[in-house]
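This report concerns only the one structure given below.
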Amino acid sequence: MKDKEKALETYSKAIQCDPEDSEAYLKRGTVYSKRGQHKKAIRDFNQAIKLDPNLTKAYVNRGVVQGKRGRYQKALTDFNRALELNPTLAGTYLNRGMMYRAQGQYTEALADYNQAIELNPTYAKAYMNRGVVYGNLAQYQEALADFSQATELNPTYAKAYMNRGVVYGKRGQYQEAIADYNVATQINPNLAGAYLNRGVMYRVLGQYQKALADYNRALELNPTLAGAYLNRGVMYYHLGKYKKAMENLEEFVEFSSPLNPRIKDAERLISRIKGFLDS
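Just so we're aligned, residue 8 is where the sequence shown starts under my numbering, counting upward by one.
Structure below.
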């Protein structure tokens, strides 16, 4: 934190000395972005671009911030401009692909991930993200190949193991899924999604105490992880622990996006539980 404060002070002084220094605005905006101060970051990137309309990195960084804010079209506009200025930026193809994927434009996302890999054949993150799209398209063999390639290129890539575990789970290969989740949690003990997903596998296998322990751990790490409440609630329901089930299902509804299609199922189950408790 102190390093970032010092960097902000340095770049601010540079701007005071030379208000036309586009690089200083770019660098200060980058620090703001890393601090999560997105509005200030965008203001600085805007100024950098105003001073130098061909400053590629400013478009890239502004696009990343817009993506974090969920403003995907604005992010796409920035990434498009950056690639017009420099078509060899593998990372920018990756970032643009992520924006397309967020909007369900899988064909466009795949094209960008392919281009990123062509430019950088050892780009583990591009393989991992392409694998996610293949998984979304139910092309599981291709997804497994990409996740495996990502882990070969980066053996400590926890999310690649986790996502490969997801695909194994969808294919009914539960032991393989659990093995991948084990590796993911060993690499990153704070990866809440891996505990949640491993808990689902344990539940499917009837290992309820292990499932419960994983759901609990996932929620310790991320108390707003809606899926963990849902799965824990459903498990409690099947175990006949109706009060705990209802509490978890209500938490799921609270923390879910209003568009989550599972909310109606949870509400129906809550109504059924209330009937049991009232009888």
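All C-beta atoms, glycine included, are put in the ideal place defined by N, C-alpha and C.
All of these numbers come straight from a predicted model, not from anything done at the bench.
DSSP places residue 27 in the coil class of the three-state scheme, outside both helix and strand. Put simply, the backbone Cα of residue 81 is about 11 Å away from that of residue 75. In terms of Cβ geometry, residue 83 and residue 105 do not form a close pair [threshold 7 Å]. Secondary structure of residue 239 (DSSP, three-state): helix.
Judged by their CB atoms, residue 232 and residue 225 are nearer to each other than the 7 Å cut-off.
At a Cβ-Cβ threshold of 7 Å, residue 165 and residue 189 do not count as neighbours. In the DSSP assignment, residue 110 falls outside any alpha helix (DSSP H) and carries neither an H nor an E.
Per the coordinates, the alpha-carbon of residue 204 lies some 17 Å from the alpha-carbon of residue 243. If you check the CB distance, residue 92 and residue 61 come in under 7 Å. With a 10 Å radius around the Cβ and a threshold of 16 neighbouring Cβ atoms, residue 143 comes out exposed. In its chain, beyond the 5 residues on either side, 49, 52, 85 have a beta carbon closer than 7 Å to the beta carbon of residue 69. Taking all protein chains in view, the Cβ of residue 266 is surrounded by fewer than 16 other Cβ atoms within 10 Å, so the residue is classified as exposed. Residue 136 and residue 283 have their C-alpha atoms spaced approximately 45 Å apart.
Shown here, residue 40 sits in a helix according to DSSP, grouped into three states. Taking 8 Å as the upper bound for CB-CB distance, residue 161 and residue 131 are in contact here, some 4 Å apart.
For residue 214, the secondary structure class from DSSP, reduced to helix, strand or coil, is coil. Per DSSP, the continuous alpha helix (DSSP H) segment holding residue 46 begins and ends at 45-58. DSSP places residue 127 in no alpha helix (DSSP H); its state is neither H nor E.
Shown here, residue 118 sits in a helix according to DSSP, grouped into three states. Taking every protein chain shown into account, the CB of residue 285 has fewer than 16 other CB atoms within 10 angstroms, so this residue is exposed.
Taking 4 residues as the minimum length, the alpha helix (DSSP H) runs contained wholly in the segment 150-238 are 165-177, 181-194, 199-211, 215-228, in order along the chain. Secondary structure at residue 248: coil, using DSSP grouped into helix, strand and coil.
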